[in-house]
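Shown next, in structure tokens, is the structure this report addresses.
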Amino acid sequence: MITDSRVAELLAPFTEPEDDLASRRLQVDREKIVSRMVDVSLAPEERFGSRARIVAALALAAGFALATWGGARLWRQATPTGAAGIEVVALRGSVTGVQGDKSSDLSLGAPTQLSPEGTLETSQNAEARIKTSAGMEIDLLENTKVSLAELGATRVSSALRLEHGRVRCVIPHQPGRTFTVVTAAARVIDVGTIFSVSVEQTATGPKTVVHVEDGEVLVQYPGGQSRLTASQSWASGSEPSKPIAAAAPADVAVEELPTTQSPRRDLVKHRPETLAAETKLLRSGLANERKGELGAAVTAFETLVTRYPDSQLAPDAKAALARVKGRLESRP
Amino acid sequence: MGAPKSELAALHASHTSEPTPPTQEAVLAGVVAGERWAHAALYDLLYPVVARTLQKILRESSGDYEDLVQVSFERIVRTLTGERRVQVMSLSAWAGSIAAHVALDALRGRTRERRLFERESSGPSRVERVAAPSLERKLEARQQLEWLQDTLSRMNADQAQTLLLHDVLGHGLAEVASMMGVTVAAAQRRLSRGHQELLRRAAVRGVRGDQ
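And the structure:
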């Protein structure tokens, strides 16, 4: 029962009866699906046989219990305070986890608890989902390999190293915490968002492509950084940007947002709604500066600096403010 | 699993000539043993709820509908034959929750594809393809549906699934908790957070004027 009337209203498209729902005759090949069901239930038996399967299941269960108990003990001893395990679910296809010397294929649909170490790899047509105790969800698409070593390492920051393939990250906004996807070409730092990162092999070497669905990320790369907001993309310079419509060439700020050549500065999480306002103010100031309306430009930059002193755009606004004031002073 | 025995008995009778109706355990044992009649019985028993759930969430008949039905039944069989058994109050409700999970995954996949490849930007949109009569009302309803599907696909998966199971499919909190393998308190928290997130996204949408 939905207690909130506004929630009920929003969910109405699902809860209202649809006239043609019952009358639809969607074609499904019953025999094909039943055959597939039989294949699925027979799959383990083809290898072991019924009795051996039961014995193997019992042995596996006992081994798993022992390993879990021993692993938990080791984990408690080895894990620093604040670190947490991660849950991995193989959604389809073959998903392999490698921790230490051991490699194991994950069972489809069954959550598997892993410590944040080693690697996780999906094969062709496979997909897996990582969930962390901090509420992050990371989908690994097919042919993807990631390193889990820095995932959930501390309370304030965690990172996923993407060797190849593509990941999609749903990161809850949590002030004071950062999450980063690291590739050979870039560091993609979230600011509470949904984004994808892929590393593709090209003739000129691996290429990193970042696409933001919601919120904002900061992409750092040798020589600078770019801020991406919803629907924007970035591609590393190893190949001209062509596969994604919104992708900008490497080393160029997306949609005229400023880049800096300075080393990485501390990152502060921002709420998307204020980021939009901050960006608007900066753009407004820059536009007025270009038009020669220096007074209006000063107003916009000063508003940004005073209203949002912790903004990541504040340094750019301050630099622009000094520049415009210099121009004003040099006027006759 | 608590599927009514009479349902299973009736189904079994239609597939075999045995005079004694099979128990639920017999059907499940038949599934584990790979007996085709048991799989067919299970399919016939659960197809209505799987189809209803998929169609309720996805609404339109997409090309991958049959694939989604198949994926749902594969997961059902894997869970029934696997080592991880779930305690649920109703077999059909449990199957519905699996289908809801499959539908949610499909929505997430569609959103991802749409975002990555700008599929929607080429050719007429789904909204534009909706036919008259009462076109405006249908357009509005379709836009609302697409926003809701898109929003759920972006939300935390556990919260979105809890919301679907409770608010859309009508399961009680205890049942949702059982289906998802969490405590009732945890299910309650997920539901509450799901509501908050839905309302927050609706508020952002309202501010942007996307409606």
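So the protein sequences, as listed, match chains A and B. Counted the way this note's numbering counts, the first sequence spans residues 1 to 332. Counted the way this note's numbering counts, the second sequence spans residues 1 to 211. Beta carbons are placed, not taken as given, at the ideal position from N, Cα and C, and that holds for glycine. The structure presented is a predicted model; accordingly, all values stated were derived computationally and were not measured.
If you run the structure through DSSP and keep just helix, strand and coil, what is Ser214 (chain B)? Because residue 214 (chain B) is not part of the residues shown, which for chain B are 1 to 211, the question remains open.
Go ahead and label Asp310 (chain A) buried or exposed: buried means 16 or more other beta carbons lie within 10 angstroms of its beta carbon, across all protein chains shown. Residue 310 (chain A) sits at position 310 when you count from the first residue of the first sequence. Classification of Asp310 (chain A): exposed, given that the 10 Å Cβ count is below 16.
Is Asp310 (chain A) helix, strand or coil by DSSP? Your numbering for residue 310 (chain A) matches position 310 in the first sequence. For Asp310 (chain A), the three-state secondary structure derived from DSSP is coil.
Beta-carbon gap between Arg154 (chain B) and Arg189 (chain B) smaller than 9 angstroms: If you number the second sequence from 1, residue 154 (chain B) lands on position 154. If you number the second sequence from 1, residue 189 (chain B) lands on position 189. Taking 9 angstroms as the Cβ cut-off, Arg154 (chain B) and Arg189 (chain B) do not qualify as a contacting pair.
Output the residue ranges of the beta strand (DSSP E) runs that lie fully inside the region 138 to 183 of chain B and measure 3 residues or longer, sorted by chain position. Unbroken beta strand (DSSP E) stretches of 3 residues or longer found wholly inside the region 138 to 183 of chain B: none.
For Gln113 (chain A), report the span of its beta strand (DSSP E) as first-last. Taking the first residue of the first sequence as 1, we reach residue 113 (chain A) at position 113. First-last of the beta strand (DSSP E) with Gln113 (chain A): Thr112 to Leu114.
Nearest residue (CA-CA) to Glu175 (chain B), options B:Gly96, B:Leu104 and B:Glu197: The residue labelled residue 175 (chain B) in the question sits at position 175 within the second sequence. Nearest of B:Gly96, B:Leu104 and B:Glu197 to Glu175 (chain B), Cα basis: B:Gly96.
Below 7 angstroms on C-beta distance, what does Ala185 (chain B) contact in chain A? Residue mapping note: residue 185 (chain B) aligns to position 185 of the second sequence, counting from 1. Ordered by position in chain A, no residue passes the 7 angstroms Cβ test against Ala185 (chain B), which lies about 17 angstroms from the chain.
Would you decide whether Arg290 (chain A) is buried or exposed? Buried here means 16 or more other CB atoms lie within 10 Å of its CB. Position 290 of the first sequence, counting from 1, holds the residue named residue 290 (chain A). Exposed, because fewer than 16 other Cβ atoms sit within 10 Å of the Cβ of Arg290 (chain A).
Any idea if Asn215 (chain B) is buried or exposed, counting beta-carbon neighbours within 10 angstroms, 16 or more meaning buried? Because chain B here runs from 1 to 211, residue 215 (chain B) falls outside it and cannot be looked at.
Backbone secondary structure at Arg177 (chain A) - three-state DSSP: On the first sequence, position 177 is the one that residue 177 (chain A) refers to. Looking at Arg177 (chain A) - three-state DSSP - the assignment turns out to be coil, as it is neither helix nor strand.
What are the residues of the region 282 to 316 of chain A that lie near chain B, defined by any Cβ-Cβ distance shorter than 8 angstroms? The region 282 to 316 of chain A vs chain B, Cβ under 8 angstroms: nothing.
In angstroms, rounded to a whole number, what distance separates the CA positions of Leu191 (chain B) and Leu163 (chain B)? As a position in the second sequence, residue 191 (chain B) is number 191, starting the count at 1. As a position in the second sequence, residue 163 (chain B) is number 163, starting the count at 1. Cα to Cα, Leu191 (chain B) sits roughly 6 angstroms from Leu163 (chain B).
Cβ pair count under 8 angstroms reaching 3, the region 112 to 119 of chain A against the region 133 to 148 of chain A: yes
Taking C-beta to C-beta, are Val102 (chain B) and Leu46 (chain B) nearer than 9 angstroms? Sequence index remark: in the second sequence, residue 102 (chain B) carries index 102 (1-based). Sequence index remark: in the second sequence, residue 46 (chain B) carries index 46 (1-based). No; because the gap between Cβ atoms is not below 9 angstroms, this pair is not in contact.
Ala128 (chain A) versus chain B: which residues are under 9 angstroms apart at the beta carbon? If you number the first sequence from 1, residue 128 (chain A) lands on position 128. Per Cβ cutoff of 9 angstroms: no residues; Ala128 (chain A) is ~12 angstroms from chain B at best.
Relative to the C-alpha of Val98 (chain A), which residue among A:Leu108, A:Ser107, A:Leu114 and A:Gly326 is closest? On the first sequence, residue 98 (chain A) is found 98 positions in, with the first residue counted as 1. Checked all of A:Leu108, A:Ser107, A:Leu114 and A:Gly326; the closest Cα to Val98 (chain A) is A:Leu114.
Proximity winner among B:Ala100, B:Ala187, B:Ala203 and B:Arg78, relative to Arg59 (chain B) (alpha-carbon distances): Start at 1 with the first residue of the second sequence, and residue 59 (chain B) comes out as number 59. Checked all of B:Ala100, B:Ala187, B:Ala203 and B:Arg78; the closest Cα to Arg59 (chain B) is B:Ala100.
Buried or exposed: where does Glu74 (chain B) fall if 16 or more other Cβ atoms within 10 Å of its Cβ makes it buried? Taking the first residue of the second sequence as position 1, residue 74 (chain B) is located at position 74. Residue environment analysis places Glu74 (chain B) among the buried positions, since at least 16 neighbouring C-beta atoms fall within 10 angstroms of its C-beta.
With respect to the alpha helix (DSSP H) encompassing Pro13 (chain A), which residues constitute its N-terminal and C-terminal limits? To locate residue 13 (chain A), count along the first sequence from 1; it is residue 13. Where Pro13 (chain A) is concerned, the enclosing alpha helix (DSSP H) stretches over Ala12 to Thr15.
Quick check: the Cα distance between Leu11 (chain A) and Glu87 (chain A), rounded to an integer number of angstroms? What you label residue 11 (chain A) is simply residue 11 of the first sequence in a count that begins at 1. What you label residue 87 (chain A) is simply residue 87 of the first sequence in a count that begins at 1. Spanning the two alpha carbons is a distance of roughly 29 angstroms.
Considering Cα atoms alone, identify which of A:Leu140, A:Lys280, A:Ala159 and A:Ser330 is closest to Tyr308 (chain A). One-based indexing of the first sequence puts residue 308 (chain A) at position 308. Nearest option by C-alpha distance: A:Lys280.
According to DSSP, simplified to helix, strand and coil, what is Asp39 (chain A)? Indexing the first sequence from 1 puts residue 39 (chain A) at position 39. Helix at Asp39 (chain A).
Of all the CB atoms in chain A, is at least one closer than 9 angstroms to the CB of Gly96 (chain B)? Position 96 of the second sequence holds residue 96 (chain B). Not closer than 9 angstroms to any Cβ of chain A, the Cβ of Gly96 (chain B) fails to qualify, so no.
Do Glu213 (chain A) and Ile194 (chain A) have their beta-carbon atoms positioned less than 9 angstroms apart in this structure? The count along the first sequence starts at 1 and reaches residue 194 (chain A) at position 194. The count along the first sequence starts at 1 and reaches residue 213 (chain A) at position 213. Cβ distance < 9 angstroms, so Ile194 (chain A) and Glu213 (chain A) count as in contact.
In this structure, what does DSSP give as the bridge partners for Gln201 (chain A)? Your numbering for residue 201 (chain A) matches position 201 in the first sequence. The partner list for Gln201 (chain A) (beta bridge, DSSP) reads A:Pro206.
Need the endpoints of the beta strand (DSSP E) that Ile130 (chain A) sits in, please. Here the question's residue 130 (chain A) lines up with position 130 in the first sequence. Where Ile130 (chain A) is concerned, the enclosing beta strand (DSSP E) stretches over Glu127 to Thr132.
Determine the chain B residues that contact Phe14 (chain A) at a beta-carbon separation under 7 angstroms, and present them in chain order. Taking the first residue of the first sequence as 1, we reach residue 14 (chain A) at position 14. Residues of chain B passing the Cβ test: Lys56, Ile57, Leu148 and Val168.
Leaving aside the five residues before and after Ser284 (chain A) along the sequence, list all residues of the same chain whose C-beta is less than 7 angstroms from its C-beta, in chain order. By 1-based counting over the first sequence, the position of residue 284 (chain A) is 284. The residues are Ala300.
At the 9 angstroms Cβ level, is Ser107 (chain A) part of the contact set with chain B, yes or no? Reading the first sequence from its first residue, position 107 is the one you call residue 107 (chain A). Cβ-Cβ to chain B under 9 angstroms: yes for Ser107 (chain A).
Inter-residue Cα distance where the pair is Ser158 (chain A) and Glu302 (chain A): By 1-based counting over the first sequence, the position of residue 158 (chain A) is 158. By 1-based counting over the first sequence, the position of residue 302 (chain A) is 302. Near 35 angstroms, if we compare the C-alpha coordinates of Glu302 (chain A) and Ser158 (chain A).
Between the alpha carbons of Asp101 (chain A) and Gln70 (chain B), how many angstroms are there, rounded? As a position in the first sequence, residue 101 (chain A) is number 101, starting the count at 1. As a position in the second sequence, residue 70 (chain B) is number 70, starting the count at 1. Annotation: Asp101 (chain A) to Gln70 (chain B) spans about 36 angstroms, alpha carbon to alpha carbon.
Do we get a CB-CB distance below 9 angstroms when we pair Glu342 (chain A) with the residues of chain B? This structure cannot settle anything about residue 342 (chain A), because the visible part of chain A is limited to 1 through 332.
Report the three-state DSSP secondary structure of Ser233 (chain A) (helix, strand or coil). By 1-based counting over the first sequence, the position of residue 233 (chain A) is 233. Three-state DSSP puts Ser233 (chain A) in a strand.
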